[in-house]
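Here the structure comes first, spelled out in structure tokens, and everything after it is commentary.
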Amino acid sequence: MRYSTILGIESSCDDTAVAIWHKGKILANITAGQDIHREYGGVVPELASRAHQSHIIPTLNQALKTANIAANDIDAIAVTQGPGLMGSLLVGLNTAKGLSIALQKPLIGVNHLQAHIAALYIENPEPEFPLLVLLVSGGHTQLILVTGFTEMQIVGTTLDDAAGEAFDKAAKLLGLPYPGGPHIENRAQSGNPKAFPFPQASVPGFNMSFSGIKTSLLYFLQKESKTNTGFATDNMADICASYQQSIIDYLLGKTKKAIKEYNPKTIALAGGVSANKSLRKQLSELGAEHNLPCLIPAFEYCTDNAAMICMAGHFLLEKGDTTGLEALPFSKTLHNP
Ligand code: KG4
Ligand code: ZN
């Protein structure tokens, strides 16, 4: 290995994150969140990029301090190049370019979605390929057949909303804060997952759709509230548990079908929604049923973080895949060539 220390920067949405990878270990993984979006029920792009501006240097300094390394010890700078919010991406990318110029070290532009998958390798450096990955985040939901550390093929994708979006939009309808996933999960813990039926979209093959479930929740709440204005509050736990389970059933159904078709050696979960404990448990059970190991990142590597950017950067650097200083943020998602 010609290099031993990688600095990673992530700023694609509303988390400013900096991490340091050293010889296969994560020495620092610092994230500064942005509470300013809470009252809007979603991320406000202009506020996000402004907050990144004020968070990026303190987060960088904190990461260097935590890892106990000097800026001069860094061998390469990996940064999220896309997809994400343009203003947010620019803050991270321009900071990475500045460091690359000042330290005279290579820049590596990383695809955020590939990085969510790379998060799996932080604790599992030698997975058995092919891996069938269920990638569930706030902006994307895909089933991906991964044949190597940087080789992958999309098997199925959502045709509209992402699974995380379905959680976030439901939370908004229920008057819960943004991001909604953790709040719905929290309420669901004491609820009955079979209390209310939510329909699942019928989409052929391995593609998915989540826009209908949110709409069915909206109509359901409107109908029930006509006779009982306190319906949502009175039944919050059961609504959350049933809604969450319906999303999980849908995701697991598609994954099960893909296991049969693609015969992976391992299954895995990645992206922000993989922080959901019920989903983690039920996907592990699905793996056990099929005698397949199931890889799931530790909680700190599930939602957006920079450790996963270091990890993805490491694999690209091994292939000599560095990025020029003319690089711009991109909006491309994962797609097949
Ligand atoms: O990967 P991520 O941090 O950001 C994107 O790249 O989109 O994912 C954020 C998404 C949000 O929609 C959030 O509600 C969801 O992940 N999420 C969860 C949980 N924690 C985060 N969804 C369900 N249960 C959770 N515990
Ligand atoms: Zn993400």
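Residue numbers (the numbering used here): -5 to 331.
Just so you know, even glycine gets a beta-carbon here, dropped at the ideal spot from N, CA and C.
Around the beta-carbon of Y237, 16 or more other beta-carbon atoms lie within 10 Å, marking it buried.
The continuous stretches of alpha helix (DSSP H) do not include K259, and DSSP gives it neither H nor E. If you check the CB distance, F324 and Q108 do not come in under 7 Å. Looking only at L167, N88, K99 and A157, the smallest Cα-Cα distance to Q239 is reached by A157. In this structure, G86 is the residue among A61, K17 and G86 with its C-alpha nearest to the C-alpha of S48. With three or more CB-CB distances shorter than 8 Å, the segment 192 to 210 counts as touching the segment 245 to 259. When C-alpha distances from S43 are compared across W15, D8 and K220, the shortest belongs to D8. Residue S(-2) holds the alpha-carbon nearest to the alpha-carbon of L21 among E33, T227, L277 and S(-2). Around the beta carbon of N299, 16 or more other beta carbons sit within 10 angstroms, so the residue counts as buried. CA-CA distance, I290 to T151, rounds to 20 Å. Taken in chain order, the unbroken stretches of alpha helix (DSSP H) that lie wholly in the segment 123 to 175 and span 4 residues or more are 157 to 167. Beta-bridge annotation (DSSP): N299 is not paired with any residue. By the C-beta criterion, the segment 104 to 121 is judged to be in contact with the segment 296 to 310, since at least 3 inter-stretch pairs fall below 8 Å. If you measure from each CB to the nearest heavy atom of ligand 2, the residues under 5 Å come out as S131 and D298. In this structure, DSSP gives A269 a helical state, which the three-state scheme calls helix. Taking the Cβ of E179 as the reference point, at least one heavy atom of ligand 1 falls within a distance shorter than 6 Å. In the displayed model, K19 falls within a strand according to three-state DSSP. Apart from the 5 residues on each side of it in sequence, L170 sits with its Cβ closer than 6 Å to the Cβ of H177 in its chain, given in chain order.
Contiguous beta strand (DSSP E) elements confined to the segment 62 to 135 occur at 70 to 76, 101 to 105 and 125 to 130, taking only those with 3 or more residues. In this structure, G36 keeps its C-beta atom at 7 Å or more from the C-beta atom of G132. V38 has its CB no nearer than 6 Å to any heavy atom of ligand 1.
In this structure, the alpha-carbon of A164 lies about 22 Å from that of G78.
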